[in-house]
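Same order as they appear, the protein sequences are chains G and B. According to my numbering, the first sequence is numbered sequentially starting from 946. According to my numbering, the second sequence is numbered sequentially starting from 34. From the three backbone atoms N, C-alpha and C, an ideal C-beta is built for every residue, glycine too.
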Amino acid sequence: MSNRVAISVSGLTKQFGDFTAVDAITFDVKQGEIFGFLGANGAGKTTAMRMLCGLSLPTSGKANVAGFDLYKESENIKKNIGYMSQKFSLYDDLTIRENNRFYGGIYGLTDEQIKEKTQFMLKHLHLESQADTLVKALPLGWKQKLSFSVSMIHDPKIVFLDEPTGGVDPITRREFWTMIYEAASRGTTVFVTTHYMDEAEYCDRVSIMVDGRIEALDTPAALTKKFDVKGMEEVFIQLARKAKRSDN
Amino acid sequence: MRTLKILLEKEFRQIFRNPAILRLIFIMPIIQLLVLPLAADYEVRDINIAVVDQDHSSYSRKLTDKISASKYFNLVVYTNSYNEAIREVEKDNADVVLQIPSFFEKNLVKEDGAQLFMALNAINGVKANLGGVYLRSIINDFNGEVRLEWMQLPRFNPQPMIKISSINWFNPLLNYQFFMVPGILVILVTMVGAFLAALNIVKEKEIGTIEQINVTPIRKHQFILGKLIPFWVLGLVILSIGLLLARIFYGIIPEGSFLTVYLFAVVYLLAVLGLGLLISTYTETQQQAMLISFFVMMVFILLGGLYTSIDSMPMWAQIFTKFNPVTYFIEVMRMVVLKGSSLYDIRHHLLIVTGFGIFLNTWAVINYKKRS
C-alpha cells in the first residue's frame, strides 16, 4: 500500500428531489487499499458508489477518481476502473468465453490479450471445462467470481464491488476474499460494500454510512477500540441503530 | 470500429440464440401475409335483403327476382309487412329493406312513374353504403328494361344516352390482395424495427447489463449503432422474406425496381429504429416499452392508410398522417409494387422519411444518457 490517493471525495452530495440520498460525504482512499464501505440498507452506499463510477451525476461536491475529475473526465475514469454491481450483469445467454471477449473488446483489449486473459482466468477459477457453457447454467458462487474477474479484465487501477458476496456460501465467500487480496497485492485499489461484518474485518479501513452521512471511518481495530466493543458487528449495530430512514 | 464489431458480434450471437426472436422473424411474415390479406377483404357481398311487397304485381315480382338473382344480395325475407321486415333487421338477419308500395305497377304504367322505399341498416357504414349503391343500380337497370319493353323498336332515342366504359389501371381485376399485401409488408418491417429494437435495449436495462456497459469507456454512438444495425439487417431480411412470399402466393412481382423498394426500406428502417430507440430511452421495463410501442403502432397503423383510405379521413386525421412514417412507406410500396413508380416519383417520400430518421434518432441519442 502506498501513500498515493486513488479516490478523493469532498462534500459529495446526491439529491433526488427533496430526498438527500448522499449527504456531503468526504473521504480519501489510498492506492492499493481495501476500503470497506458499510452501511444499512438505504444508507446511500450504492448511490455513492454509482457516482464514483460515473453512472450517476452528483448534485454537488468534488471527487477525483484514479487521478481524474468526476465531472469533466468521467470517460477517463471509466478506462481505469472496474465495477461489479449488485445485480449479476454478465450476459446469461453468452458463454464465459464470449462474455470475456465482449467486455475485453469494449475496453479495447486486442484479441491476443483477451485470449491470454481468458486462459488465465479459466485456469485460476478452475473453469477450463466450462469455457463454452452458457453463463446461465453456472451456480451463483461461480457467477460472482466470474463477474469479479470480468470487471478486472482490463487491469483497472480501482475496482468497485457492490455487495459482491450477497447470497453466496461461506466457502465461496472465503475464495472471493482471496481473490480480493490477490487483486490488492497487485496494486489494485478495492472499494467494496458488504453486509457481512466478518468481511469488514478483512478490510484495511472501513467507513460506516448512516442516513447518507459517513459516521465513522478508520481501521476495524481502531473502530472496535473506540467504541469499546468486541467486533465490527457491534460497532455497526451501535451506529446503524441511530438511522432514521430505511428502505424497507 | 473494433468496438462496433465486438458489439455486433455479441448482438447477433444473442439474436440467433433466442428461439423466440427467430420464430418471430420467420413465422410472423408467413402468418401475416398468408392469412391477413385473405381475411381483410373489403369487397361487400352477401347483403341480406328483406323485400316488402305490398303490390304483388308482375312488375314487383320481376324486380324481386332481379334482385335475388344478383350475386350481391340474398333474399332473406319476402313479406307484405314492413314491420316484419324491420324486425328482421333488428335481429340482424337483414341489412337492407326494400319496400314496394301498393299500386307500384299501376302508377308505373299509368302515371309514368312510381316510388320505392329503401331502408338501410347503417351500423356497418360500408356495407350500408355499398348495399344502397348496388340496389340503386339494379333498380336503374330494371327501369331501363321496363322502358325498353314499352317502346318497342324506337325510331329514335327519346333521351340522349351517355355510355361510360371504364378500365382499372394497375390492378385490373380489382384484386383486394394486391392492395393489401404491400401494406402488410410495411407493417412487418415496422414491427421488427420499432418493437424488437426497443425491447432489446430495455431488456439490458431490466437485467442490469446496461450499467455494466455504461461503466465502460464505450462511446454513446458506438453502443447505439451496435443496437440499431442488427435490427436494421433483420428488417431487411423480413422484407425479403415478405417479398418472396408475396411472389409465391399472390404472384405479386414489383412493377418497379427492387432497388427502389430496398433503398426506401433502408431509410425507412432508420426512422422506425429511431422510434424504437426513443421509446427505449423513456422506459425502464420491457412491459412499459411493449405497451408504449403497441399504442404507437396501433395509431400509426390505423391512421397509416392500410385499411382505410386516407382521402376519406377527416381533415385533422389527414394532417396527422403527414407525421406518420408508416403512411409514406405504405404509399411508396403501393406505388412501386403496383404502379412501377421510379425513384424520381417517390423522391418527396424519401426526403420526408429521411427527415423523420434524422429527427427521431437525434432525439433518441440526446435522451440516451450514460450518466443519470
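{"Asked": "Where B:ASP174 falls: helix, strand or coil (DSSP)", "Found": "helix"}
{"Asked": "Distance, B:GLU317 Cα to G:ASN1193 Cα", "Found": "The predicted model places G:ASN1193 with a pLDDT of 43, which falls under 50 and marks its position as unreliable; any figure quoted below should be read in that light. If you take the alpha carbons of G:ASN1193 and B:GLU317, they lie about 22 Å apart."}
{"Asked": "Neighbourhood of G:ASP1149 by C-beta distance below 6 Å, restricted to the same chain and skipping five residues each side", "Found": "GLU978 and ILE979"}
{"Asked": "8 Å Cβ cutoff, G:PHE961 in contact with chain B", "Found": "no"}
{"Asked": "Chain G within 8 Å of B:GLU244, Cβ atoms only", "Found": "yes"}
{"Asked": "Chain G contact for B:SER313 (CB, 8 Å cutoff)", "Found": "no"}
{"Asked": "Under the three-state DSSP convention, the category G:ASN948 falls into", "Found": "coil"}
{"Asked": "Rounded distance between the beta-carbons of B:TYR301 and B:PHE362, thought under 8 Å", "Found": "5 Å"}
{"Asked": "Same chain, Cβ closer than 7 Å to B:ALA350, five either side skipped, listed in chain order", "Found": "LEU336"}
{"Asked": "Per-residue burial, B:ILE399 [other beta carbons within 10 Å of its own, 16 or more giving buried]", "Found": "exposed"}
{"Asked": "8 Å Cβ cutoff, B:ILE251 in contact with chain G", "Found": "yes"}
{"Asked": "Beta-ladder partner(s) of G:GLY1027, from DSSP", "Found": "G:VAL1104"}
{"Asked": "Beta-carbon proximity check, B:LEU229 vs B:ILE54, cutoff 8 Å", "Found": "yes"}
{"Asked": "C-beta neighbour in chain B for G:GLY999, strict 8 Å", "Found": "yes"}
{"Asked": "Within chain B, partners of G:ASP1038 - CB distance below 9 Å", "Found": "ARG46, GLN47, ARG50 and ASN51"}
{"Asked": "Sequence-distant residues of its chain with Cβ nearer than 8 Å to B:ILE271 (five each side left out)", "Found": "ILE58, MET61, PRO62, LEU221, VAL222 and VAL225"}
{"Asked": "Nearest to B:ALA152 (by Cα), restricted to the options B:VAL166, B:ILE240, B:LYS143 and B:SER199", "Found": "B:VAL166"}
{"Asked": "Three-state secondary structure assigned by DSSP to G:THR958", "Found": "strand"}
{"Asked": "CA nearest to the CA of G:LYS1187, picked from G:ALA1166, G:GLY1176, G:MET1154 and G:ASP1163", "Found": "G:MET1154"}
{"Asked": "Inter-residue Cα distance where the pair is B:ILE257 and B:VAL129", "Found": "58 Å"}
{"Asked": "8 Å Cβ cut-off: residues of chain B touching G:LEU1002", "Found": "ARG404 and SER405"}
{"Asked": "Opening and closing residue of the beta strand (DSSP E) in which G:PHE982 lies", "Found": "979-984"}
{"Asked": "Neighbour-count burial assignment, B:LEU384, 16 or more Cβ in a 10 Å radius", "Found": "exposed"}
{"Asked": "Whether G:PHE1121 touches G:THR1110 by CB criterion (8 Å)", "Found": "yes"}
{"Asked": "Test: G:GLY1012 CB closer than 8 Å to a CB of chain B", "Found": "no"}
{"Asked": "Continuous alpha helix (DSSP H) assignments of at least 4 residues falling wholly in the stretch 70-104 of chain B", "Found": "91-102"}
{"Asked": "Buried or exposed (CB count within 10 angstroms, at least 16 for buried), B:GLN148", "Found": "exposed"}
{"Asked": "Local Cβ density within 10 Å of G:GLY1006, reported as buried at 16 or more and exposed below that", "Found": "buried"}
{"Asked": "Segment limits, alpha helix (DSSP H) that includes G:GLY1132", "Found": "Here G:GLY1132 belongs to no alpha helix (DSSP H), and DSSP marks it neither H nor E."}
{"Asked": "Sequence-distant residues of its chain with Cβ nearer than 6 Å to B:PHE392 (five each side left out)", "Found": "none"}
{"Asked": "Min CB distance B:LYS236 to chain G below 8 Å", "Found": "no"}
{"Asked": "Where G:ARG1158 falls: helix, strand or coil (DSSP)", "Found": "strand"}
{"Asked": "Test: B:THR318 CB closer than 8 Å to a CB of chain G", "Found": "no"}
{"Asked": "Classification of G:SER955 by the beta-carbon crowding that lies within 10 angstroms, buried from 16 upward", "Found": "exposed"}
{"Asked": "Chain-order list of residues whose beta-carbon lies under 7 Å from that of B:ILE334 (same chain, five-residue window excluded)", "Found": "ILE220 and VAL359"}
{"Asked": "Residues, ordered as in the chain, of the stretch 214-233 of chain B that lie near chain G by beta-carbon distance below 9 Å", "Found": "none"}
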